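These notes are about the structure you will find just below.
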Amino acid sequence: TAEDYRSKQITSMKSIRIQQCSKIEEMQPDCLIKKFLSSLFPSKAEIQSIFLQSLKLLLEDSYRDKKNRIGIEHLFREIGQMYEAATCIDDKEHLKEYVRYFPNIAARLLIDGNPLELMDGDAAHVPITWVKAVLREVVRELHDPKVFVLSILGVQSSGKSTLLN
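When we follow my numbering, the leftmost residue of the sequence shown carries the number 433, and every step to the right adds one.
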């Protein structure tokens with residue numbers, strides 16, 4: 433039945449989130465995502481912008497001829513996944529404390545004109561908790577409850593309409 437399917441999906445998602453939380457807890461201080469976050473958090477907008485442009489160029493040069501390139505959007509996608517995982521597991525208060533600043537970082541970057549991938553186009557997944565948290569921070573930072581989406585770009589069947597709905 434539909435209810436059984438839904439229950440099975442919820443159980444499966446919770447299991448995946450628990451695994452993700454374990455991976456977050458196991459991350460070493462020198463891993464890429466932790467270095468990326470520490471470079472963004474205390475910085476001023478100008479420094480963040482220079483850092484992001486430099487990192488973007490470095491990543492493009494490093495992966496120019498490779499099929500599986502890594503971009504800044506992949507790092508933000510991981511940050512969103514970390515946030516979703518940590519906030520949905522009740523007994524992970526220390527992780528919730530660790531990720532609580534992530535939406536503010538993303539919101540400030542978005543306000544400063546940096547692109548932010550809100551939907552994982554590769555997996556057709558919309559991290560609703562993450563998107564709501566980032567947009568809540570945008571509203572808080574701008575002191576204005578009106579936030580409008582100006583454009584959505586993407587290849588065919590990448591979920592543009594899903595995001596707008």
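Note that CB positions come from ideal geometry on N, CA and C, so glycine has one too. Quick caveat: nothing in here was measured; it's all calculated off a predicted structure.
| Query | Result |
| --- | --- |
| Measure the beta-carbon distance from Gly-659 to Pro-547 and round it to whole angstroms, keeping in mind my assumption that it falls under 8 Å. | Residue 659 falls outside the range modelled here, since the chain spans only 433 to 597, and no answer is possible. |
| What did DSSP end up calling Tyr-575 once you bin it into helix, strand or coil? | Residue identity check: residue 575 is His in the sequence provided, not Tyr. Looking at His-575 - three-state DSSP - the assignment turns out to be coil, as it is neither helix nor strand. |
| Does the count of Cβ pairs from the stretch 502-512 and the stretch 482-493 closer than 8 Å reach three? | yes |
| Reducing DSSP to helix, strand and coil, say where Asp-493 ends up. | helix |
| Using 10 angstroms around the beta-carbon of Ala-434, count the other beta-carbons present and answer buried if the total reaches 16, otherwise exposed. | exposed |
| In three-state terms, what does DSSP make of Phe-483? | helix |
| Where does Glu-529 land, buried or exposed, given buried means 16+ other C-beta within 10 angstroms? | exposed |
| Alpha carbon to alpha carbon, what distance is there between Tyr-437 and Gly-591? | 23 Å |
| Taking just the CA atoms, how far does Ser-470 sit from Glu-457? | 16 Å |
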